[in-house]
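See below for the structure under consideration.
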Amino acid sequence: MTVNALESATVHDTAARLCNSLRGDLGAENVALWLHDAHQGLLRRVAAVGPRASELPEVFARQVAPQCDEALLTGRTVPVADLGLLSGFAAIPLAGREQPLGLITLDSQPDPEKVQVYAPHVATAVNNAIMADELVRANSQLRAVDQQKSEFLNVVAHDLRTPLTCIRTYTDLLRMYVDEPPETYRDFLTIIAEETERLGELLDNFLDLARIENATIRYEVEPVDLDEILEHFANVYLAKAAAEAIIVGRRVQPQLPTIQADRRRLEQVFSNLMSNAFRHTPRGGSVMLAAVADDGGVRVIVDDTGPGVPKEDRARIFERFRQARNADRSGGGTGLGLAIAKAIVADHGGRIWVEDAPGGGARFCVHLPWQPPPGAAVLRGDQ
Amino acid sequence: MSGKVVVIADDEPRLLASLAFIVQREGGQPVSAPDGLAALAAIREHRPVLALLDVMMPGMDGLAVTRAVRADLALAALPIVVITALGQADHERQALEAGATRYLRKPFDVAALRDLIAGYLRA
Chain Z
682 MTVNALESAT VHDTAARLCN SLRGDLGAEN VALWLHDAHQ GLLRRVAAVG PRASELPEVF
742 ARQVAPQCDE ALLTGRTVPV ADLGLLSGFA AIPLAGREQP LGLITLDSQP DPEKVQVYAP
802 HVATAVNNAI MADELVRANS QLRAVDQQKS EFLNVVAHDL RTPLTCIRTY TDLLRMYVDE
862 PPETYRDFLT IIAEETERLG ELLDNFLDLA RIENATIRYE VEPVDLDEIL EHFANVYLAK
922 AAAEAIIVGR RVQPQLPTIQ ADRRRLEQVF SNLMSNAFRH TPRGGSVMLA AVADDGGVRV
982 IVDDTGPGVP KEDRARIFER FRQARNADRS GGGTGLGLAI AKAIVADHGG RIWVEDAPGG
1042 GARFCVHLPW QPPPGAAVLR GDQ
Chain X
3 MSGKVVVIAD DEPRLLASLA FIVQREGGQP VSAPDGLAAL AAIREHRPVL ALLDVMMPGM
63 DGLAVTRAVR ADLALAALPI VVITALGQAD HERQALEAGA TRYLRKPFDV AALRDLIAGY
123 LRA
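First to last, the sequence lines map onto chains Z and X. Converting from the first sequence to our numbering requires adding 681 to each position, the first position being numbered 1. Converting from the second sequence to our numbering requires adding 2 to each position, the first position being numbered 1.
Here you go:
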């Protein structure tokens, strides 16, 4: 029995109808149907009819009613003597597909021959209701996945369309207005080149994410010096930082040991975090990088002085494309960078999250174990 | 610059700049707005001969701007072209329902857009 069955109207309706007909057929005044929750060792009431129905507990533990337990274990009808409200009732077990399905309790001693005839039918009816409900649930889950896929495609289409429209528009402008000065040509061609590059990055990102999600990405694990990687990114961003008067700082714990990881993919993680930080940091702000040994691995921190991430968005921004919806798209964010970072970190057995930076702004944290735990996706290629 | 004003609104700066370029080349005076609220303010202030509005903009979208313009008697006659995206057929219907004069699908035929703008500037 799944816990879901307890919330299912189909199961409740079926159980109530069965209780009603059993009341007449077995000559009882009060009849209740209980489903067995094998995980927790509980019996949960799904239907009860009769004047005392409202007095019955919603749930009780198997061990407080040894006779009920016995009924479930032996498959025999037993009288219940020891459970306060059910004292004087009889418990008829219902056989399930693998585990005992549950019990019927009723306040008369039923005719054993009738029980032999009725109990299997009742069990089958309840089982069918549960299976019907599971089918409905599975179906609606599939539909939800389908919906997510179409939404994903919509956003992909939108994200591809923007650079494409730019490229096409500026190409047309160059062809239509042939008398423009050379500066205009140079400016428009620069835009076309940049948007073409953006389109390429978008495609690379889609492919990367697809490879990570369907586990066809190839990792190569080697000792990686995080200090070196952070230094590299601090340098890569020097020109951009200077242009926007943004200070880039780096604080790495001395003699930080190397970690076992895929260097190129980790660089992709930090590249995405850096471009994210720069995108949200205003002129004159700062981006600070840090790495410290922490809790069986290393914690890398990227602080910015942007607006920060509201608490309610903190899980969402790592979902593919969520960022693209709200944040300004002008900065060239594809909405995929954080999703890719999260997937790569997870494949290393690590964790990524965002919190408040001490001076306001966002603090992105990545925790990576010194070496990937056994079974981590990043080790797949080595096996 | 004393040409006829065309208000243009798009949250993609480069697309906005391309629209401004065309308006200018065709002898009009572009007033650019990065979002719907700014577009509505610009329409009220500048009394343009034409408004070109992207559907998808943060805050107030192009459809909401169109509705607000149509609700304002002083502006009700303003020609509005709403720019929709390919594959968003419901936006096209919504644009016309909101009171847009017509819609233009992105990526648009730039020559057709130029002719359209030129037509309103000459009218």
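We put the CB at the ideal spot given by N, CA and C, even for glycine. It should be emphasised that the depicted structure is a prediction, and the values quoted were computed from it without experimental measurement.
The contact set of S20/X on chain Z, defined by CB atoms closer than 8 Å, consists of C847, T850, Y851, L854 in chain order. The stretch 768-783 of chain Z and the stretch 712-731 of chain Z touch, with no fewer than 3 CB-CB distances between them shorter than 8 Å. Around H961/Z, no beta-carbon contact reaches into chain X at under 9 Å, the shortest distance being about 15 Å.
Residue range 967-975 is occupied by the beta strand (DSSP E) that includes S967/Z. For V112/X, the nearest CB of chain Z lies under 8 Å from its own CB, placing it at the interface with that chain. Residues of chain Z with a Cβ closer than 7 Å to the Cβ of P32/X do not exist, since the nearest Cβ in that chain sits about 14 Å away.
The straight-line gap separating the alpha-carbon atoms of A1024/Z and D1037/Z is approximately 22 Å.
Of P963/Z, S956/Z, F1045/Z, the smallest CA-CA separation from A996/Z is found for F1045/Z. Interface flag for Y918/Z against chain X is unset, since no Cβ pair is found closer than 8 Å.
For F959/Z, the enclosing alpha helix (DSSP H) has its first and last residue at 944-961.
T843/Z belongs to the set of residues whose beta carbon lies under 8 Å from a beta carbon in chain X. No Cβ-Cβ contact shorter than 8 Å links V83/X with M857/Z. Here DSSP, grouped into helix, strand and coil, assigns D13/X to coil. The beta carbon of T86/X sits closer than 8 Å to the beta carbons of V57, H93, E94, A97, Y105, L106, R107, K108 from its chain, once the five residues preceding and following it are set aside; these are given in chain order.
Excluding sequence positions up to five before and after V796/Z, its CB lies within less than 6 Å of the CB of T758, I773, all in the same chain and listed in chain order.
Shown here, F999/Z sits in a helix according to DSSP, grouped into three states. Its chain contains R743 as the residues whose beta carbon lies nearer than 6 Å to that of D750/Z, once the 5 sequence neighbours on both sides are disregarded; these appear in chain order. Within the same chain, and ignoring the five residues on either side of E28/X in sequence, the residues whose Cβ sits closer than 7 Å to its Cβ are R116, I119, A120, L123. With respect to A713/Z, A734/Z sits close: the two C-beta atoms are nearer than 8 Å.
By the C-beta density criterion, E710/Z is exposed, having fewer than 16 other C-beta atoms within 10 angstroms. Contact annotation for I872/Z against chain X: R16 [CB-CB distance below 8 Å, chain order]. For I898/Z, the three-state secondary structure derived from DSSP is coil. Residue-level contact by beta carbon holds for A87/X and chain Z, with a gap shorter than 8 Å.
In the assembly as shown, V826/Z is an exposed residue. Its beta-carbon has fewer than 16 other beta-carbons within 10 Å. With a threshold of 16 other beta carbon atoms within 10 Å, W715/Z meets it and is buried. Around the CB of P988/Z, fewer than 16 other CB atoms lie within 10 Å, so the residue is classed as exposed. Inter-residue distance for V1047/Z and V33/X is about 45 Å (C-alpha atoms, whole angstroms). In this structure, L890/Z places its C-beta atom within 8 Å of the C-beta atom of R1001/Z. Listed along the chain, the chain Z residues whose CB falls inside 8 Å of the CB of P109/X are R842, L845, T846, R849, T850. DSSP lists V7/X as the bridge partner or partners of Q31/X. For A728/Z, the enclosing beta strand (DSSP E) covers residues 723-730. Judged by DSSP secondary structure, P747/Z falls within the alpha helix (DSSP H) whose first and last residues are 747-755. For a cut-off of 8 Å, the C-beta gap from L21/X to D13/X is around 12 Å, too long to register as a contact. The C-alpha of A806/Z is placed about 55 Å away from the C-alpha of V902/Z. When the five nearest sequence neighbours on each side are left out, the beta carbons in the same chain lying within less than 6 Å of the beta carbon of A70/X are those of L42, in order along the chain.
By the 16-neighbour rule on beta-carbons within 10 angstroms, T962/Z is buried.
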